[in-house]
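Contents: one structure, followed by commentary.
In full-length UniProt numbering, the protein residues as written are 1 to 203.
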């Protein structure tokens, strides 16, 4: 038994002649072809707070008679991105995004990427509607080439209680691409939120 342990713990000679090595701390598109990442999309992170009262209220007593911050927040966040397509619904957000050229499209043709394998690895449903983009090129461009908006969550009153939240905060982010200016993005996002919030006639 001790002899076996000694053999197992003996250092391998496989790397004896190696002076250094490089680890690519990254993801592959599949299991066969290595990837080298030379750029990533940028990030603009947002928090928006809706306040409708000075304190949490009881839904059994006041539900249906007052504006509820959580309802207004859900409505507000639902205006940001189109469900089912991933299209960002903010005026001006795409103004500075470069037009896709034929040469750029050609670069995607030979990329080693399998949609079915992608579904399996990401554990999305295998039905066609589980992916916003149905073909390799549009899916990869959605991941790399175009901006995207993701809603991350809402913080409010304790969900285990039947409270009406006095206020709640929604969190979302936009992945930015070349030529998009973060300050301009902030400006159009703010304008959109203000316009949509005015429609709910809350506080």
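Just so you know, even glycine gets a beta-carbon here, dropped at the ideal spot from N, CA and C. Just so it is clear, the structure is predicted and the values come from calculations on it, not from any experiment.
Note to self: Nearest by alpha-carbon distance to residue 172: which of 161, 166, 23, 153 is it?
What the structure shows: As a position in the chain shown, residue 172 is number 172, starting the count at 1. Residue 153 holds the alpha-carbon nearest to the alpha-carbon of residue 172 among 161, 166, 23, 153.
Margin query: Which of the three DSSP states is assigned to residue 86 in this structure?
Written below: The count along the chain shown starts at 1 and reaches residue 86 at position 86. Residue state, collapsed to three classes: coil.
Note to self: Could you tell me the alpha carbon to alpha carbon distance between residue 146 and residue 121, rounded to whole angstroms?
What the structure shows: The residue labelled residue 146 in the question sits at position 146 within the chain shown. The residue labelled residue 121 in the question sits at position 121 within the chain shown. Distance between the alpha carbons of residue 146 and residue 121 is about 22 Å.
Note to self: Ignoring anything shorter than 4 residues, give me the alpha helix (DSSP H) runs that lie fully in the region 44-123, in order along the chain.
What the structure shows: Within the region 44-123, complete alpha helix (DSSP H) segments of at least 4 residues are found at 59-62, 69-78, 102-109, 115-122, given in chain order.
Notebook entry, point to check: Excluding sequence positions up to five away, which residues of its chain have a Cβ less than 8 Å from the Cβ of residue 117?
Noted result: For this step, residue 117 is matched to residue 117 along the chain shown. For residue 117, where only same-chain residues beyond five positions count, the Cβ hits under 8 Å are 30, 31.
Next item on the list: Using 10 angstroms around the beta-carbon of residue 167, count the other beta-carbons present and answer buried if the total reaches 16, otherwise exposed.
Entry: As a working mapping, residue 167 is identified with position 167 in the chain shown. Its Cβ being crowded by 16 or more others within 10 Å, residue 167 is buried.
Next item on the list: Kindly indicate if chain B contains any beta-carbon less than 9 Å away from that of residue 90.
Entry: No chain B is part of this structure, which consists of one protein chain only.
Note to self: Output needed for residue 92: all residues of its chain with C-beta closer than 6 Å, excluding positions within five of it in sequence on either side, in chain order.
What the structure shows: Against the chain shown, residue 92 aligns to sequence position 92. Correct list, in chain order: 188.
Checklist line | For residue 197, the first and last residue of its enclosing alpha helix (DSSP H) | finding: Against the chain shown, residue 197 aligns to sequence position 197. Looking at the DSSP string, the run of the alpha helix (DSSP H) that includes residue 197 is 182-199.
Next item on the list: Measure the CB-CB distance between residue 176 and residue 42 and report whether it falls below 9 Å.
Entry: Start at 1 with the first residue of the chain shown, and residue 176 comes out as number 176. Start at 1 with the first residue of the chain shown, and residue 42 comes out as number 42. Yes.
Next item on the list: Could you tell me whether the Cβ atoms of residue 149 and residue 48 are closer together than 9 Å?
Entry: The count along the chain shown starts at 1 and reaches residue 149 at position 149. The count along the chain shown starts at 1 and reaches residue 48 at position 48. No; because the gap between Cβ atoms is not below 9 Å, this pair is not in contact.
Notebook entry, point to check: In whole angstroms, what separates the C-alpha of residue 112 from that of residue 57?
Noted result: On the chain shown, position 112 is the one that residue 112 refers to. On the chain shown, position 57 is the one that residue 57 refers to. Note on geometry: alpha-carbon atoms of residue 112 and residue 57 lie some 55 Å from one another.
Checklist line | Spatial distance of residue 180 from residue 19 (CA atoms) | finding: Within the chain shown, numbered from 1, the residue matching residue 180 stands at position 180. Within the chain shown, numbered from 1, the residue matching residue 19 stands at position 19. Those two C-alpha atoms are separated by around 42 Å.
Notebook entry, point to check: Helix, strand or coil: how does DSSP classify residue 134 here?
Noted result: For the purposes of this step, residue 134 is taken as the residue at position 134 of the chain shown. Residue state for residue 134 is assigned as coil, using DSSP reduced to three classes.
Next item on the list: Specify, as a first and last residue, the run of the beta strand (DSSP E) that residue 153 falls within.
Entry: For the purposes of this step, residue 153 is identified with residue 153 of the chain shown, where counting begins at 1. Where residue 153 is concerned, the enclosing beta strand (DSSP E) stretches over 148-155.
Checklist line | Burial state of residue 165 (16 or more Cβ within 10 Å) | finding: Your numbering for residue 165 matches position 165 in the chain shown. Residue 165 comes out buried.
Check: Just reading off the beta strand (DSSP E) that residue 172 is part of, what are its end residues?
Finding: Numbered from 1 along the chain shown, position 172 holds the residue referred to as residue 172. That run of the beta strand (DSSP E) goes 167-176.
Note to self: Can you tell me whether residue 21 is helix, strand or coil according to DSSP?
What the structure shows: Locating residue 21 in the chain shown gives position 21, where the first residue counts as 1. Correct three-state label for residue 21: coil.
Check: So what's residue 42 in DSSP terms, helix, strand or just coil?
Finding: Your numbering for residue 42 matches position 42 in the chain shown. In this structure, residue 42 counts as strand in the three-state DSSP scheme.
Note to self: Let me check one thing: in DSSP terms, what residues is residue 163 bridge-paired to?
What the structure shows: Position 163 of the chain shown, counted from the start, is the residue given in the question as residue 163. Its beta-bridge partners are 58.
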